[in-house]
Each structure stands twice: as structure tokens, then as C-alpha cells.
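*Asks:* Pasting a structure below so you can have a look.
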Amino acid sequence: MKNILPLVFVLSTSTAAFAQRDTTRKDSTKQLKEVVVTGTRTAKSLQQVPIPITRITSEEIKNRGLVRLNEVLSEQTGINILDDPHGQGIQIQGFDPAYTLILIDGLPLIGRSTGILELSRITTNNIDRIEIVKGPTSSLYGSEAMAGVVNIITAEPAKGFSGGVAGRYGTNKNADLSLNSSYKTNKFYISGFANRNSSGGYSLQPASGIPTVSPFHGYTLNGKTAYRFDDNTSLKLSVRYYTNDQDSRFSVDNNRFASGKGTEKDFNLAPVLTHRFSKKDVSVLQLYRSVYKTNSDIRYEDNHDIYDQTYFTQTFNRAEIQNDYALQDNLKLTAGVGGQYETVEATRYTKQQSFTSGYGYFQADWIPVKKLDIIAGGRFDVHSVYKSQFSPKLAASYALNDKLTILGSAGKGYKAPDFRQLYLNFTNAEVGYSVFGYEEAQAGIARLQQEGQIETVLIDPSTLKRLNAESSTAFNFGFRYKPVAKLYWTANLFRNNISNLIETAAIALKTNGQSVFSYFNLNKVYTQGLETDVTYQLFKPLQIGGGFQYLEAYDQDVLDQIKAGKVFTKDPETNLTKALKRSDYGGLLGRSKYTYNIRLNYNEEKTGINTSVRAIYRGRYGYKDSDGNGIVNRADEYTNGYMLVNASVSKLFMNNALRLQVTAQNLFNHKDPQVILNLPGRLIYAGVAYNFNKQ
Amino acid sequence: MNKFKTLSLALGSAVILLASSCSKNNDDPTPAESKLTTKTISDLDGASKATVYFSLATGTEVTGADTASATKWDLKFKSTSIFTNGGTSGTGTTQAQVVSSTFEALTTAPTADYKTDATGAPAISGWYTYTAETAPQHAILATPGKIFVIKTADGKYAKVEMISYYKGNPNTTTAAFADLTTRPASRYYTFRYAYQGDGTTSFK
């Protein structure tokens, strides 16, 4: 690391003498020509693709002064960033973060803590755009793509020598610094990118002396190279490395403190070979290896005894070949097969565990008449540990006229049981309960019985049903409307029926009064709602926009129990029990019924001044159960709704090569220190970016 | 015409009156037969002593030599544990079970499935939730819908709902309760109960 950084910097500065050119693309409203790839795994026009998809360009992100993926996604319609001790993940269509697949250039990122992939791990300084697909996309991507897919598409270099430097610094000593440089000819390109992201952390309870978020510093290195052998064959290689160190400190018991360091590392390597057999027939061979590691060593501050020492290592290997074949001008077929090998080794697992899986997928994109586009496809996954899955999908878009397109889709999504649910072997040292993954339950109970720790076995582990994937059936229906060039309006109605949700339940009682838990396919839930977004160019420099989502997310079993009169609450005034009514049930935790955002962008091309203001409202949501019935129903179980206002002003200099920027996040300093831990209050940043290109 | 109208009106109202008075008679058990007593006990003091004994028949605390009796007390409160007079907890034969219901909706005691206190397995459990780190932190909150049905040593039935573990039955959703420095003292039991003195399972 220490050796690479100066190298990249030297490369950038030594080429800085070349003439400068505007590398930030001009503002455009060319939605019709905009191409997306994530919805179908083929390039397709945004207006035509028959599933809900959002495209965020690098320019929009830069105008808003944002540098990390969590910052970008938190401002999007229909997306909420959840506050969770395991990280900042996203909620799409009411699903938890574990159900959205996060891709970089179409390849999955691994490394989730209790299902959450920390989004601040991902820099947005080296990207071209982000595509967000909503609704299940397991028909193409397999497991995890149940709520949707977020695909980060990294920037392709411009011809000649290019380079740039960008920095942002502000509140809480938050610093983000990026360097990039690239060289491209007709046949070859190479590009390098380095980013350092650090923070002094913050505390919402300063008197405690304990940070809410501890100081950290992380690096991202990304290299890409490609070579075109001839008009038909090209090879591309990308490497990404991410590492982050965080110092943590917290109070244990009786005024004792523990502190130490945690390290997180993420490595991806992806060679891709593309060959065009004919104009109609293209094959892509892709290999991918990803490694994710964490290590932490926390010790008591007084005597340096070990408080907690953990490690986690996950690897993911994949080989895949996809073939796109245009059978006729109006019928394109896509088919792919792949194999995967995954391993995990961790403090809380008995031994190294591995998964082997294989899959095949198929998609037909048919345009029977000019205005109608029908996409039918499916994917079959076979797996060494859980049952095979088939995920079909059918989608269609119809252009009523050249202004209005309606779209509808139905599909199945699934999420495989993860390593934790299969292999966890964990006993809490302080409290004394145990949790076993499905595969470990029988051996675990037998061992505890031998040690005389089991009082009663509630469910004989040999009778446990094989853990199945969680699955959903989803329906999306909406429109895209562009009556005039200035106005763009989209809307989508959605419904997700989810079954076999994996939950823990007790399988035995221990002699210490605690329980032994394992995992079961239990719950049925559903989410449904409406999402709509509109952008309007009011007059030349001023664009206004807004988005809204209405969401309902309920547990079907709880609804049935309420109907049967089996769910109760306590009146907070009298503390007397009363039966719960259907209208009192607030649904699943962390789901806001109403969310909306309002956006303003004032872009004066003449002076190069861009002003952007966004207001994001998140309605109240249930965050705890305080009356002991396990569900959200009483007023004190909700947070208050809140609005965050983010703003940014930037000015371009030197023929658009230099950008100076001031950015504010959470301008009105909203805080909820008891409930929302990922809101540090107002953040003010100053930013500078310089780019050049020499043909 | 008018006569008919008056006649039919009179007839109609007579029928309704008759019907409603009949149903009233059917619904109301004659007060003389039922020996049901319903009481709310406020702030039974378990803070100043390790255990507090209670008799459902008299509705009062039991102290002294009577705490060794097989019949003079039914419930014993000790911190967050509630014991019945029998098995490992007493010399009596009191049994109990926990039923999911509102207090009002439970109109008949179950006839089977009563348990006697045993080591590590009291007949009454799961009546409270400990909040741990969730606000209000470290609080003992009575779980809704947990009604204890007691079959006393002399074969009488009672239903009990725990209301509060804190002095003065405070509203547990307030900031004053959440703040550990202003939270009322614990181990003051507030509960309501209905005791059927006639030996039947009816709580009407």
C-alpha cells in the first residue's frame, strides 16, 4: 500500500502538464438514449426496459458533493439507509439489506455482517453510473437479488492520457482523497485509482467518553486494463483492493473499558474475455475471485486481558460464460452457465466450511410488434447444501405512444441460507445461550448432552427439516411518462409475497435456564406499496424533482393471530391488558409508511455554478417492542419522522477542469441520539477536484 | 286505519320489551349464586422484605406463622418470581397455569393442565419482559395477555393479571420512567384478580 500510493501520485502529477479538457460530461436529458445493463444483463434503452430501474450518473453524484455509496443511495426515492450496529445497508421495497445484491461491474461483493453489506465501503469517485433494479432479479443473478440489485459501473477511461485528483474534508475530520490516471489507445487501456477515506469518528453521548462511531481510515485501490486483439476479441482485467482499520473503545461492566483495533479487507479480481463470433453472436467468459477478511482484537484497558478476539474469512470463486445471440432482429436470446465455490472460516464456526453451486440461466427478449417488448427468462441453481431453486421471470413493456410506456413484471426471487444459518456454533460466554446452524444442531446438542448441560430437548435435532431458501413472488406494475422533453415521470406499484423466512427458535433448554437456538423456515410476510418520482426542468438552469413512497410491510402470521384475538398490549396509562386491533399493528420494524424527497438543482452553464438542494423525509417507523408482545403497535415504539436537508454549491474553473465545492449534509442538524446512531448531525465539507485529458 | 297502527305499534313494543327483559333474565346470573370477588391490589410491598405472601381468599398479605400454612396463602412474590403454595414452594396443593387472554375475556377457568411449582420450573413464568439495553433500559415490564389461573389448595379458582412491578403503577412510556434516577422503586406489585368463592370454574 505505502509503495503504491506515491507511484500513482507521481503518475498523476507528471502528466498534469498536459493540456486540460473538460472531462465532466455536459448536462443532458437524453433519457431515451440512456442505456442500462443491469435489468437484463444486456445493453438496453432505459425507456424500453420492462422493469423498474433507476440510473444515477457520476455527474449527478459530483454535483451533490457525495463520495460514498451510502451517501448517494440515501437520497434516492424508494430507498432507506438503515441504522444498524452491523452497518449501513439499504431497504428496498420494504426488504432488509440482506435481500439486495450489491455488484461492481456486474460482479457480487461479499462480506456481510448479519446480512448487511456496509455501503460506506464503496467509493463513488471512480464510477460512471449506478443502476438500481427494483423487484426480484434472481432470474439472472440468483440468490440475494430478492428486493433488487445495485450495480456500480466503474468509469471507462477516455482516449489519451487522463488524470485527476479529488478531495473533500470537513466535520469530524472526515476526509476523502482520490487520485486517478489512465492511458488509452485504440487497442489498449490501463487505469489506476486510489482512494483514502478516513474519519475521526463521533460521539452522540460525548459525556460518556465512548465514541458512537470510532475513528477509522481506509484505502481503495482499483486497477483496470483491457486489450483488444482484433475487432472481435478483447480481454479485460480488473483488480480491486479495499482495507479499513478502525479503533474501537467501549465500556464493559463496572466502569471497565475495552478497546482495540478491527481490520477489514476486501479483494476482487476479475478477468473477462469477450469474443464476437458474428454480428449476431457474442460470448463473454468471466472469472471472478473475491476474498473478504475481518480481524479484531479487543482487550480490557486495565489488565490487557482479551475481551474479544475474532476473525472471519470468506472466499468466493466463480467461472461463468454468457452467450448473446440475436436469432432475428426482434428476438435476442441470452444464455449463461456458471459454477461457484465458496468457503468461510471464522471464530464462531467449527471448521472451514464450503459451498459448491452451479447455475444456468436463459432469457428471451422479444419485440413482436414495434411497441411491445416481452422478456421471459429463468435461472436454475443447484447447490451442495440446500434445495435447488428455479427462479422464473416474465416482464413486458408497451409504448402506448412515444410519450408513455407502461411496464409490468412478475417473478420469483430467493435468498439462500447463509453460512451463519447453516454452520454457526456459538455459545454466549456472558449470558450462556447457544446458537447452532442447521448443519451443526445435531452434533451440538449431542455434545452439550454429554457435558450434562441439557435440561430438556424441545425438538429432536434429527427431526429438523432441511433448511430451505427464503423465497418470494413479486409483481411490479408502472409507467414511464415523458410528455415533453422537460418532464419525466415514473411510477411503480409493487407487491412481494415472501415465504420461508429464516428465523431462530429454541430447540432445547439448558440446565443454566438459557436456551439453545437453531434456524427454521418460519415466517410469511408481505410488502406492498407505491413509488413515484418526477423531474421537471422548470426553466433553463433550474430543475426541480420529487419522489414519494408509500409502503406496507406486515407479518402474515401476526395478522392471523390478531384476527384470532391472540395478540395483546398494555394500555400505557393503566397498564391493563387489552386485545390488539388490526389497525394498531404497525408492521415490520424499521419500515416507514411514508417517505419522500424534494430536489432542486440550479445549473448555470455560463458561470459554471451549480447549486443543489435536497430534502429527504423519512416518516415514523417502529424501532422497538416495549409492551412485550413482540410487535410494533404502541406510540412509544415508534421513532419520530424526520427530514434531512443536504445541499451543495460548486463552481467550475479553468475550462471546467477545476471544481471547487462546499457541501452540507444534514444542514439543520437533526439528531436522535437515543434511537438513530448513524446521524452524526450537521456535516460541512469543502471539496476540490481537478481533471485533465490529453489526446 | 289509525286503530290498526296503534295496535300494531303497541303489539310490537310489547314483544320487544318482553324479549329484552327475557334476555336480561337469561344473561344475568342471580347475584345470590355467584361468590366472585374482583379486586385490584396496589403496591403490595415486596421491597422491604425478601418475600411477600398473599391470600386470594382474604385479599390481604399473609405474615408470621401463617406463611408456613398449606391453605392460608396462595401466592408468594420474590423479586421477579411468583410462586404458588405447593410443590417446591409451599406445603399446600395450589396449582396454576398461564393463559393467553385479556382479563375480561377469560370467563371460565380451564379444567386441566395446571402445574405445581418444581425446581427451576415454577407454574407461573413468562409474565414479564426485561428490557435490557432497549429503552426504557433495565426495566421489568408486565407482558400483556398473560393471565394466571390459580387453583387454590381448597379447590377454588382465581384469575390474576400482573399490572406493575413499580411503586404507584407508573406509565412506563414516559421519560421519567426511562430515567433510572427518577424511576419509581421496584418490587411493588400491582395486580388485579377475580376469586370465585363457590368452587366453580366460572369467572362471571
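Residue numbers (my numbering), protein chains in the order written: chain A, 46 to 740; chain B, 176 to 379.
In this text, a Cβ means the ideal position worked out from N, Cα and C, and glycines have one as well.
(1) Let me confirm a value: A:Q740 is counted as buried when at least 16 other C-beta atoms fall within 10 Å, else exposed. Which label applies?
(2) Rounded to a whole number of angstroms, what is the C-alpha to C-alpha distance between A:F407 and A:V284?
(3) Less than 7 Å between CB atoms is the rule here; does A:P617 satisfy it with respect to chain B?
(4) Taking one C-beta from the stretch 544 to 556 of chain A and one from the stretch 487 to 502 of chain A each time, how about it: are there three or more such pairs within less than 8 Å?
(5) Just to confirm, is the Cβ distance from A:L376 to A:W411 under 7 Å?
(6) How would you list, in chain order, the residues of chain A whose beta-carbon sits under 9 Å from the beta-carbon of B:E336?
(7) Against chain A, with Cβ distances strictly below 7 Å, would B:S217 count as a contact?
(8) Would you check if the stretch 365 to 372 of chain A and the stretch 321 to 337 of chain A touch, i.e. whether three or more CB-CB distances between them fall below 8 Å?
(9) B:G320 CB to nearest chain A CB: under 7 Å?
(10) Leaving out five residues before and five after A:S399 in sequence, what residues of the same chain have Cβ atoms less than 6 Å from its Cβ?
(11) Buried or exposed, going by whether 16 or more other CB atoms sit within 10 Å of the CB of B:N200?
(12) What separation, rounded to the nearest whole angstrom, lies between the Cα atoms of A:N299 and A:I101?
(13) Quick one: which chain B residues come within Cβ less than 7 Å of A:K611?
(14) Within 8 Å, do at least three Cβ pairs link the stretch 212 to 223 of chain A to the stretch 730 to 738 of chain A?
(15) Starting from the N-terminal side, write out each stretch of the beta strand (DSSP E) that is 3 residues or longer and does not extend beyond the stretch 667 to 722 of chain A.
(16) Since A:G123 is in the alpha helix (DSSP H), which residue starts that stretch and which ends it?
(17) On the DSSP bridge assignment, give the partners of A:P316 in chain order.
(18) Taking A:G653 as the reference, give the member of A:L705, A:G667 and A:A680 with the closest Cα.
(19) Against A:Q719, what residues of chain B qualify as contacts under a CB-to-CB distance less than 7 Å, listed in chain order?
(20) If we require 4 or more residues per run, which alpha helix (DSSP H) segments fall completely within the stretch 486 to 548 of chain A?
(21) Are the beta-carbon atoms belonging to A:N674 and A:V612 less than 7 Å from one another?
(22) Hey, which unbroken runs of the beta strand (DSSP E) at 3 residues or more fall wholly within the stretch 231 to 277 of chain B?
(23) Judging by CA-CA distance, which residue of A:N348, A:S304, A:L146 and A:S436 is the nearest neighbour of A:Q354?
(24) Express the C-alpha separation of A:S227 and A:D67 in angstroms, rounding to a whole number.
(25) Please report the straight-line C-alpha distance between B:A328 and B:L211, rounded to a whole angstrom.
(26) Rounded C-beta distance between A:N711 and A:L728? I'm assuming under 8 Å.
(27) For A:Y286 and A:Q606, I'd like the C-alpha separation in whole angstroms.
(28) In whole angstroms, give me the CA-to-CA distance for B:L231 and B:S361.
(29) For B:L192, which residues in the same chain have their Cβ closer than 8 Å to its Cβ, ignoring the five residues on either side in sequence?
(30) Looking at chain B, is there any beta carbon in it that lies within less than 7 Å of the beta carbon of A:D681?
(31) Compute every distance between the C-beta of A:Y647 and the non-hydrogen atoms of the ligand MG, then say whether any falls below 6 Å.
(32) So, does the CB of A:N537 fall closer than 7 Å to a CB anywhere in chain B?
(33) Could you name the residues of chain A that B:T304 contacts, counting a contact when the two beta carbons are closer than 7 Å?
(34) If A:S183 and A:M191 are in contact, beta carbons under 8 Å, what's the gap, nearest whole angstrom?
(35) Can you have a look at A:P528 and say buried or exposed, based on whether 16 or more other CB atoms are within 10 angstroms of its CB?
(36) Note down, one range per segment and in chain order, each beta strand (DSSP E) of at least 3 residues found wholly within the stretch 339 to 377 of chain B.
*Replies:* Taking the definition as stated:
(1) exposed
(2) 29 Å
(3) Residue contact check for A:P617 against chain B: a CB pair falls below 7 Å.
(4) yes
(5) Yes, Cβ-Cβ distance for A:L376 and A:W411 is below 7 Å.
(6) Within chain A, the residues near B:E336 are L621 and T622.
(7) no
(8) yes
(9) yes
(10) T388
(11) Bear in mind that the predicted position of B:N200 carries a pLDDT of just 47, short of 50, making it unreliable; the figure below should be weighed with that in mind. B:N200 is exposed by the Cβ-count criterion.
(12) Cα to Cα, the separation comes out at about 50 Å.
(13) S275
(14) yes
(15) 687 to 698 and 703 to 710
(16) Following the DSSP letters along the chain, one finds A:G123 in no alpha helix (DSSP H), marked with neither H nor E.
(17) The partner list for A:P316 (beta bridge, DSSP) reads A:L282.
(18) A:L705
(19) A310
(20) 486 to 495
(21) yes
(22) 235 to 237, 250 to 253, 256 to 259 and 270 to 275
(23) Considering only alpha carbons, the answer is A:S304.
(24) Here the model assigns A:D67 a pLDDT of 37, short of 50, so the residue's position is not dependable, and the following value carries that caveat. Their Cα atoms are separated by approximately 15 Å.
(25) Approximately 17 Å between the Cα atoms of the pair.
(26) 6 Å
(27) 49 Å
(28) 22 Å
(29) Annotation note: pLDDT 45 at B:L192 (below 50); position unreliable, coordinate value reported separately. Taking B:L192 as the centre and dropping the five residues before and after it, the same chain places no C-beta closer than 8 Å to its C-beta.
(30) yes
(31) Among the ligands in the structure shown, none appear at all, so the ligand MG cannot be discussed.
(32) no
(33) G673
(34) 7 Å
(35) exposed
(36) 361 to 371
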